[in-house]
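Numbering (the numbering used here), first residue to last: 2 to 553. Cβ coordinates follow ideal geometry from the N, Cα and C atoms, glycine included.
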Amino acid sequence: MMTLSAHKVGGPTGIGALIIKEGLPCAPLLEGGGQQKGYRSGTENVLGAVGFAAAFLQDSVANWQGIKTLRDHMENALCAKGAKVEGHSVDRLPNTSCLRMPGVSASSQVMAFDLKGIAVSAGPACSSGKISASFVLKAMGIDADDTIRESGVVYFDYQSTTPCDQRVVDVMLPYFATHFGNPHSKSHAYGWQSEAAVEGARLSIAQLIGASPKDIIFTSGATEANNLAIKGVAKFYQEQKNHIITCVTEHKCVLNSCRDLEQEGFNVTYLPVQQNGLIDLEQLKKAITPKTCLVSIMMANNEIGVIQSVADIGRICRKAGVFFHTDAAQAVGKIRIDVDEMNIDLLSLSGHKMYGPKGIGILYVRRRPRVRLKALISGGGQERGMRSGTLPTPLCIGLGKAAEIAMSEMDQESERLLKLRQYMWQKLQDELPDIYLNGDEEHRLPGSLNVSFAYVEGEGLMMGLKDLAVSSGSACTSSSLEPSYVLRAIGVGEDLAHTSIRFGLGRHTTQEEIDFAIKRVVEEVRRLREMSPLWEMAQKGVDLSSVQWSGH
Numbered sequence: 002m003m004t005l006s007a008h009k010v011g012g013p014t015g016i017g018a019l020i021i022k023e024g025l026p027c028a029p030l031l032e033g034g035g036q037q038k039g040y041r042s043g044t045e046n047v048l049g050a051v052g053f054a055a056a057f058l059q060d061s062v063a064n065w066q067g068i069k070t071l072r073d074h075m076e077n078a079l080c081a082k083g084a085k086v087e088g089h090s091v092d093r094l095p096n097t098s099c100l101r102m103p104g105v106s107a108s109s110q111v112m113a114f115d116l117k118g119i120a121v122s123a124g125p126a127c128s129s130g131k132i133s134a135s136f137v138l139k140a141m142g143i144d145a146d147d148t149i150r151e152s153g154v155v156y157f158d159y160q161s162t163t164p165c166d167q168r169v170v171d172v173m174l175p176y177f178a179t180h181f182g183n184p185h186s187k188s189h190a191y192g193w194q195s196e197a198a199v200e201g202a203r204l205s206i207a208q209l210i211g212a213s214p215k216d217i218i219f220t221s222g223a224t225e226a227n228n229l230a231i232k233g234v235a236k237f238y239q240e241q242k243n244h245i246i247t248c249v250t251e252h253k254c255v256l257n258s259c260r261d262l263e264q265e266g267f268n269v270t271y272l273p274v275q276q277n278g279l280i281d282l283e284q285l286k287k288a289i290t291p292k293t294c295l296v297s298i299m300m301a302n303n304e305i306g307v308i309q310s311v312a313d314i315g316r317i318c319r320k321a322g323v324f325f326h327t328d329a330a331q332a333v334g335k336i337r338i339d340v341d342e343m344n345i346d347l348l349s350l351s352g353h354k355m356y357g358p359k360g361i362g363i364l365y366v367r368r369r370p371r372v373r374l375k376a377l378i379s380g381g382g383q384e385r386g387m388r389s390g391t392l393p394t395p396l397c398i399g400l401g402k403a404a405e406i407a408m409s410e411m412d413q414e415s416e417r418l419l420k421l422r423q424y425m426w427q428k429l430q431d432e433l434p435d436i437y438l439n440g441d442e443e444h445r446l447p448g449s450l451n452v453s454f455a456y457v458e459g460e461g462l463m464m465g466l467k468d469l470a471v472s473s474g475s476a477c478t479s480s481s482l483e484p485s486y487v488l489r490a491i492g493v494g495e496d497l498a499h500t501s502i503r504f505g506l507g508r509h510t511t512q513e514e515i516d517f518a519i520k521r522v523v524e525e526v527r528r529l530r531e532m533s534p535l536w537e538m539a540q541k542g543v544d545l546s547s548v549q550w551s552g553h
């Protein structure tokens with residue numbers, strides 16, 4: 002095994018690598034969707050990974066000598082063929098290993114080369130005075146012009162991830178190369194500057210959820226935050242209490258964390274949900290015992306968008322003297338949250354679900370009354386000793402800016418998305434019979450719509466909708482051919498569960514895109530039904546449940 006840290010070799014903070022010999026057994030630290038070959042779950046920090054690769058990559062195998070080779074390779078690529086990229090020429094500065102764009106101030110340069118490697122930062126187009134990600138890709142011979150939007154694919158998967166808001170990107174950029182100080186360095190101005198920026202971001206995030214900034218713990222995302230909340234609390238209090246309550250429709254990282262704890266001797270109660278996706282509060286009350294240390298119920302479901310009665314759950318838990326954790330990754334920035342009013346003790350959120358960067362999230366941990374937990378990651382004792390490791394300053398700042406934008410635009414945007422969602426659902430109902438809304442119609446996120454289309458083969462429908470970026474469920478599970486466990490939990494039959502489509506509306510969704518999506522869905526469903534013998538039988542009034550199918 003070998004460990005690497007990007008910010009020690011000219012790459013960005015917040016990303017590293019563990020190199021493991023193939024076949025070597027290694028238990029995962031974070032449970033969830035099984036990314037990274039199952040060793041480390043959670044949505045990948047794409048920006049950090051690209052920066053890390055740029056700092057290490059070469060044509061063959063990365064090695065220490067190869068770093069200089071890469072630098073030379075990149076410089077040659079950028080300066081070749083008259084050096085015309087996006088209308089700007091690129092010059093080699095005399096006696097240096099940096100690149101400069103004429104007419105652009107030195108402070109605006111976001112790509113620097115030195116003998117240690119390359120620091121690459123994605124930014125706006127060159128015309129705005131900064132080197133962009135597409136600029137770098139073009140210089141390396143990668144065609145970045147064929148963007149998703151230009152290819153005609155309309156994005157409807159905002160529950161999976163959101164595009165990083167340009168205002169977020171703009172505030173992050175200086176902290177990749179110019180203000181690069183370690184926020185934990187207390188002895189000089191570089192560190193003080195980064196620390197002040199990180200603390201400003203912490204305050205903005207706290208204000209979004211009605212918390213104190215001292216209660217905000219930065220993590221790599223909601224997967225880590227959920228793992229830390231559940232395992233951390235359970236292991237700290239295991240001598241006194243060893244019972245946890247959660248729900249069958251939780252995200253994989255919550256369910257797998259609980260199953261992990263069961264292997265260690267903890268008792269876990271998995272509450273069922275009603276047909277509308279909501280838990281029964283009376284069942285929750287009955288499930289709590291003197292041995293219960295934690296209740297973990299997500300605020301809004303990632304597949305069907307249903308919003309749980311979080312304030313009522315918090316009240317029940319507080320009265321019973323049990324800590325309450327909620328996974329709010331899908332809800333933050335879309336609905337109003339106040340951790341005090343809702344009696345929330347621990348709350349997880351993720352930057353890339355709210356137009357911030359990937360690779361950053363937070364865990365809110367209440368101090369009054371105090372919640373204690375055992376850290377999963379040991380090290381320098383950062384983040385109140387709960388989460389060691391150098392903070393990725395640009396990502397923290399990006400999450401803070403995303404929180405600011407959400408605070409100021411949430412009400413107006415939620416109202417707009419609600420109207421679009423209601424319009425879409427009504428139009429689909431008007432055009433297509435035998436379609437079903439999954440989850441409660443009232444208690445759901447404004448931009449979430451999950452619909453099952455009867456008498457349609459699910460895979461065929463997904464393949465037919467290639468010009469719509471939609472999914473059949475969670476990005477962590479949609480690659481499986483198994484029907485969604487969330488839909489099965491609310492009583493949807495296997496046939497209908499296989500035909501479900503999740504439409505995620507977001508900040509950039511327009512009325513024209515909604516109309517286009519409706520048109521395409523209606524066309525594809527009608528086309529597939531025309532080829533379906535089941536649809537033909539249903540139209541003739543045959544009760545398909547009474548048909549005795551012959552075996553082969």
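DSSP bridge partner residues for residue i (one or two, in chain order)
{"i": "H1", "result": "Only positions 2 to 553 of the chain appear in the structure, and residue 1 is not among them; the question remains open."}
{"i": "V307", "result": "R445"}
{"i": "V366", "result": "L347"}
{"i": "F504", "result": "L450"}
{"i": "M3", "result": "I20"}
{"i": "I336", "result": "V333"}
{"i": "L469", "result": "V155"}
N- and C-terminal bounds of the alpha helix (DSSP H) containing residue i
{"i": "G318", "result": "The displayed chain sequence assigns Cys, not Gly, to residue 318. It spans 311 to 321 - the alpha helix (DSSP H) in which C318 sits, taken as one unbroken run."}
{"i": "Y424", "result": "394 to 432"}
{"i": "I206", "result": "190 to 210"}
{"i": "Y176", "result": "175 to 178"}
{"i": "Y437", "result": "From DSSP, Y437 is part of no alpha helix (DSSP H) but of the beta strand (DSSP E) over 436 to 438."}
{"i": "M464", "result": "459 to 465"}
{"i": "T224", "result": "223 to 237"}
{"i": "L282", "result": "282 to 288"}
{"i": "L545", "result": "L545 -> no alpha helix (DSSP H), and no H or E assigned at all."}
{"i": "Y356", "result": "Premise fails: Y356 is in no alpha helix (DSSP H) and is neither H nor E."}
Local conformation of residue i per DSSP, three classes
{"i": "D158", "result": "strand"}
{"i": "A498", "result": "helix"}
{"i": "F267", "result": "coil"}
{"i": "G24", "result": "coil"}
{"i": "T510", "result": "coil"}
{"i": "V274", "result": "coil"}
{"i": "S533", "result": "coil"}
{"i": "R388", "result": "coil"}
{"i": "R371", "result": "strand"}
{"i": "D341", "result": "coil"}
{"i": "C165", "result": "coil"}
{"i": "A490", "result": "helix"}
Separation of residue j from residue i, as counted between CA atoms
{"i": "S547", "j": "D496", "result": "15 Å"}
{"i": "D339", "j": "I210", "result": "5 Å"}
{"i": "P566", "j": "G201", "result": "The chain is shown only over 2 to 553; residue 566 falls outside these bounds and no answer can be derived."}
{"i": "E537", "j": "P434", "result": "13 Å"}
{"i": "V452", "j": "L25", "result": "43 Å"}
{"i": "Y271", "j": "H326", "result": "15 Å"}
{"i": "Q264", "j": "S258", "result": "10 Å"}
{"i": "R422", "j": "Q512", "result": "10 Å"}
{"i": "A407", "j": "K187", "result": "32 Å"}
{"i": "I305", "j": "A7", "result": "37 Å"}
{"i": "A301", "j": "E251", "result": "9 Å"}
{"i": "L429", "j": "G505", "result": "15 Å"}
{"i": "C318", "j": "Q241", "result": "17 Å"}
{"i": "L256", "j": "K541", "result": "44 Å"}
Where the beta strand (DSSP E) through residue i begins and ends
{"i": "S449", "result": "449 to 454"}
{"i": "F219", "result": "217 to 220"}
{"i": "T247", "result": "244 to 248"}
Nonlocal neighbours in the same chain, by C-beta distance under 6 Å from residue i, ignoring five residues either side
{"i": "K375", "result": "G233, K236, F237"}
{"i": "A332", "result": "M300, A301"}
{"i": "M343", "result": "V311, A312, G315"}
{"i": "Y156", "result": "A470"}
{"i": "A18", "result": "L5"}
{"i": "V169", "result": "G357, G399, K402, A403"}
{"i": "E514", "result": "V155"}
Contacts around residue i, its chain only, beta-carbon distance under 7 Å, and the 5 residues preceding and following it disregarded
{"i": "D441", "result": "N277, G278, L279, V307"}
{"i": "V62", "result": "With a pLDDT of 40 at V62, under the threshold of 50, the modelled position of this residue cannot be trusted; read the value that follows with caution. Excluding positions up to five away in sequence, the list is empty."}
{"i": "A539", "result": "Y456, L545"}
Same chain, Cβ closer than 8 Å to residue i, five either side skipped, listed in chain order
{"i": "L462", "result": "F454, T500, I502, E525, V526, L529"}
{"i": "D166", "result": "Y356, G357, K402, A403, I406, R508"}
{"i": "L31", "result": "R41, S42, G43, T224, E225, N228, C254, L377"}
beta-carbon residue i near the ligand FMN non-hydrogen atom, thresh 6 Å
{"i": "E225", "result": "Looking at this structure, you won't find the ligand FMN or any other ligand, since it has none at all."}
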